[in-house]
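What follows is one structure encoded as structure tokens, with my remarks underneath.
Numbering (my numbering), first residue to last: 953 to 1099.
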């Protein structure tokens, strides 16, 4: 059954969506993939509707104030950056990240200047867009932490 507007969303709708994400995360964990992959695909399958808007707005504060700080602490404790630099591959990885990061910032600044935005504002936009990445932290944790 479809939920036509946000006023019609009930608590059991929100609970069902959360359960859907937990089931997806559990399935991928059992299959050997990372737990976030299942939750991501469970959310990707859901169509954008009033239901997803309500679920997002209700969970946003809880996620950012309760779940995210321990997540970053746990990821920070698991990643050993010193092991990355024991051989030349670690330095190559850092060089590639630096090139990609500066390329992204430069491209955003170029597009901004193309649209008559001053260079300093374009660079600021580039740095802001490039520094928001929880996905970057997830990729770092996936690549440095072995099960």
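C-beta atoms are modelled at their ideal positions from N, C-alpha and C, and glycine is treated no differently. Here the structure is a predicted model, which is why all the values come from computation and not from measurement.
Inter-residue spacing [alpha-carbon to alpha-carbon] between residue i and residue j
{"i": "residue 960", "j": "residue 1048", "result": "49 angstroms"}
{"i": "residue 963", "j": "residue 1032", "result": "41 angstroms"}
{"i": "residue 1063", "j": "residue 1083", "result": "18 angstroms"}
{"i": "residue 1011", "j": "residue 1026", "result": "21 angstroms"}
{"i": "residue 975", "j": "residue 999", "result": "18 angstroms"}
{"i": "residue 989", "j": "residue 969", "result": "16 angstroms"}
{"i": "residue 966", "j": "residue 1065", "result": "43 angstroms"}
{"i": "residue 1016", "j": "residue 1034", "result": "29 angstroms"}
{"i": "residue 1057", "j": "residue 1079", "result": "6 angstroms"}
Burial state of residue i (16 or more Cβ within 10 Å)
{"i": "residue 1003", "result": "buried"}
{"i": "residue 1028", "result": "exposed"}
{"i": "residue 980", "result": "buried"}
Supposed close pair residue i, residue j - CB separation, criterion 8 angstroms
{"i": "residue 1045", "j": "residue 1036", "result": "7 angstroms"}
Worksheet item: Taking the runs of the alpha helix (DSSP H) that are 4 residues or longer, which of them lie wholly in the stretch 961-987?
Response: 963-983
Q.
List, from N- to C-terminal side, the alpha helix (DSSP H) runs of 4 residues or more that fit wholly inside the stretch 1001-1067.
A. 1002-1014, 1020-1030, 1033-1036, 1040-1066
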